[in-house]
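Protein chains in written order, with our numbering: chain L, 10 to 125; chain W, 60 to 174. Here a beta-carbon is modelled for each residue, glycine too, at the ideal position from N, C-alpha and C.
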Amino acid sequence: GAGVSQSPSNKVTEKGKDVELRCDPISGHTALYWYRQRLGQGLEFLIYFQGNSAPDKSGLPSDRFSAERTGESVSTLTIQRTQQEDSAVYLCASSRVGGTHYTEAFFGQGTRLTVV
Amino acid sequence: GNSVTQMEGPVTLSEEAFLTINCTYTATGYPSLFWYVQYPGEGLQLLLKATKADDKGSNKGFEATYRKETTSFHLEKGSVQVSDSAVYFCALSDPRFQGAQKLVFGQGTRLTINP
Chain L
10 GAGVSQSPSN KVTEKGKDVE LRCDPISGHT ALYWYRQRLG QGLEFLIYFQ
60 GNSAPDKSGL PSDRFSAERT GESVSTLTIQ RTQQEDSAVY LCASSRVGGT
110 HYTEAFFGQG TRLTVV
Chain W
60 GNSVTQMEGP VTLSEEAFLT INCTYTATGY PSLFWYVQYP GEGLQLLLKA
110 TKADDKGSNK GFEATYRKET TSFHLEKGSV QVSDSAVYFC ALSDPRFQGA
160 QKLVFGQGTR LTINP
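What follows is the structure, given as structure tokens:
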């Protein structure tokens, strides 16, 4: 597709349930990022994938959060046993990686997760 | 650690007014600096960037200058339009990640322009 695609666009789930969020990056983009935006706050980095390297998981807030990416394609972010504080917009971004050169990150429209 | 602090909103202006949204940062090394914009119902888009000190990024009439001495990257526009109504995010890229885009964001500033 032309841009980063995320699904679903909205998700309402009951506290304690597991959810999976999906991100389709731009074709050819080897780097993929997940961010979280809670109401009234800035975007928080969650996890970064680059090619076949080990992902940078330093932003994941707890062990209930995990993410996978198959090769240089789709990524899924899984939140287990959801809590109300997990309610947020989850944004995915992708970019090429150009050595030491700046490369722009393109963002999807996000998944709005509401835990009730 | 790295952080970005930007002007709290919401900001409401009349059309053709002058706009400044302040942004300051804390970082080790020499980060790149960005302004992203999120128009209603749309995804986050890069508005402008600056990759080294004294660089000026510009796009769509917006400008921001990378000021290392004041660790600032304030966004300005001389004459705003109703179509500029959006949420604006200041961000820096972690300088340890050359060529990639691990970004640290400010909390965002909601801008509303009235006709």
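| Asked | Found |
| --- | --- |
| Start and end residues, beta strand (DSSP E) containing residue 147(W) | 145-152 |
| Cβ shell of residue 16(L) (< 6 Å), same chain only, five flanking positions each side left out | 31 |
| Delimiting residues of the beta strand (DSSP E) encompassing residue 63(W) | 62-65 |
| Proximity below 8 Å, CB of residue 107(W) to CB of residue 117(W) | yes |
| Three CB pairs or more closer than 8 Å across the region 124-142 of chain W and the region 81-94 of chain W | yes |
| Neighbouring residues, chain L, relative to residue 164(W) (Cβ below 7 Å) | 51 and 52 |
| Cβ neighbours of residue 76(W) in the same chain (closer than 6 Å, five flanking residues each side left out) | 139 |
| Close-in-space but distant-in-sequence residues of the same chain around residue 119(L) (CB under 7 Å, 5 per side omitted) | 15, 98, 99 and 100 |
| CA-to-CA distance, residue 62(W) to residue 90(W), given in whole angstroms | 11 Å |
| Under 9 Å (Cβ pairs) to chain L, residues found in the region 97-125 of chain W | 97, 100, 101, 102, 103, 104, 105, 108 and 110 |
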